[in-house]
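J.: All residue numbers for the sequence shown refer to our numbering, where the first residue is 4 and numbers rise by one.
C-beta: ideal position from N, C-alpha, C; glycine also.
Got a structure for you, questions after.
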Amino acid sequence: MCYDISFSSNIQLISDYLPDLVVDPQLNFDFDMAIHVMAQAYRKYPVMINDGGTYKLMPFEWGVIADYMNTPEKIKQSRQYMCNAQSEKIINDKKSFWRRIRAKRCLIPVTGIYEHREIKGWKNKVPYFIHLKDRPMFCIPGLYHYSPIPDVETGEIKGTFTLITRSANSVMKQIHNGGPNVFRMPMFLPKELEFKWLQPDLTDEGIQEVLDFEMPSEQLDYWPVFTIRSTKPRPDSKEKTAPYEWPNLPPLGIDESTEQKNLFS
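What follows is the structure, encoded as structure tokens:
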């Protein structure tokens, strides 16, 4: 799945991407900290929606709070599983919560995402930074929903969102090659399908047409980076998205190594 995204720019890049975008006055987002955003930190993140014909940039928290999470205990127990939505369930699974909120569509602006690769014989997974070629920013389609209960501290009715994933293309299968949700990737779309996703009158057939798109592997650029989920600084002092040369890292498609690597023990 995709639990790590990056936005290494500023709000002007988002405003230029979508004409007539209205920025919510409550948006107070630290773009300097957005080079790595983790899903289950449940931080607010700028998300685009179509609200009655007006494109708005809203501060929503990553991780949907569904209607059945009607107590703080249920939210704590179940929200962790609501950060990604499988594309296959949005139209075709009539029991899925994602189908129920399919009209609440949003776009998540990013400059790239991170995914982790397993290598046999290595204790730690190797993170990769992935982005679309020739596009300084792109948007991942998602769904949003407002919490059924107010925040216990602020009384706020939170806007929350999930990021949509699909089966991986050939390159992403080699990167996201392990774990309980192996061989999946975020929905990457051409710009025209991103905007189509926000059309308020989109039919189920139209939704499915968007979800059926698979980004060709040759449209992706990717490289290994230093660990992103550690407070330990990079040995080369470069930023998180910069390429990192792991000693004896086998090429993609070869996932066995006779030499165990653990830089963090």
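#1: May I have the straight-line CA-CA distance separating G181 from N31, to the nearest angstrom?
#2: For P62, write down the residues that DSSP places opposite it in a beta bridge.
#3: Take the Cβ of S11 as the centre, count every other Cβ of all protein chains shown within 10 Å, and call the residue buried at 16 or more, exposed below.
#4: Is the distance from the Cβ of M4 to the Cβ of R187 below 8 Å?
#5: If we ignore side chains and look at the alpha-carbon of each, how far apart do M41 and N127 end up?
#6: Report the option in E208, P112, L252 whose CA atom is closest to the CA atom of L16.
#7: Please report how far the alpha carbon of R120 lies from the alpha carbon of P130, in whole angstroms.
#8: Could you tell me whether the segment 49-58 touches the segment 78-86, using the rule of 3 or more Cβ pairs below 8 Å?
#9: Can you tell me where the alpha helix (DSSP H) with Y117 in it begins and where it stops?
#10: Please state whether DSSP places Q43 in a helix, a strand or coil.
#11: Since I believe I133 is in contact with L223 (beta carbons under 8 Å), could you give me their beta-carbon distance rounded to a whole number of angstroms?
#12: Going by C-alpha to C-alpha distance, which of P238, E208, G162, Y71 sits closest to P250?
#13: Beta strand (DSSP E) containing F198: first to last residue?
#14: Just to confirm, does L135 get its C-beta within under 7 Å of one of the non-hydrogen atoms of the ligand ZN?
#15: Relative to the alpha-carbon of M190, which residue among P246, G256, A88 has its alpha-carbon at the smallest distance?
T.: Walking through what the data contain:
#1: Cα to Cα, G181 sits roughly 36 Å from N31.
#2: Answer by DSSP bridge pairing, in chain order: P49.
#3: buried
#4: yes
#5: 18 Å
#6: P112
#7: 6 Å
#8: Touching, no.
#9: Segment 115-120 is the beta strand (DSSP E) holding Y117; no alpha helix (DSSP H) there.
#10: If DSSP states are grouped into helix, strand and coil, Q43 belongs with the helices.
#11: 6 Å
#12: Considering only P238, E208, G162, Y71, the residue with the shortest C-alpha distance to P250 is P238.
#13: Where F198 is concerned, there is no enclosing beta strand (DSSP E), although the alpha helix (DSSP H) it sits in stretches over 194-200.
#14: With respect to the ligand ZN, the structure offers nothing, as it holds no ligand at all.
#15: A88
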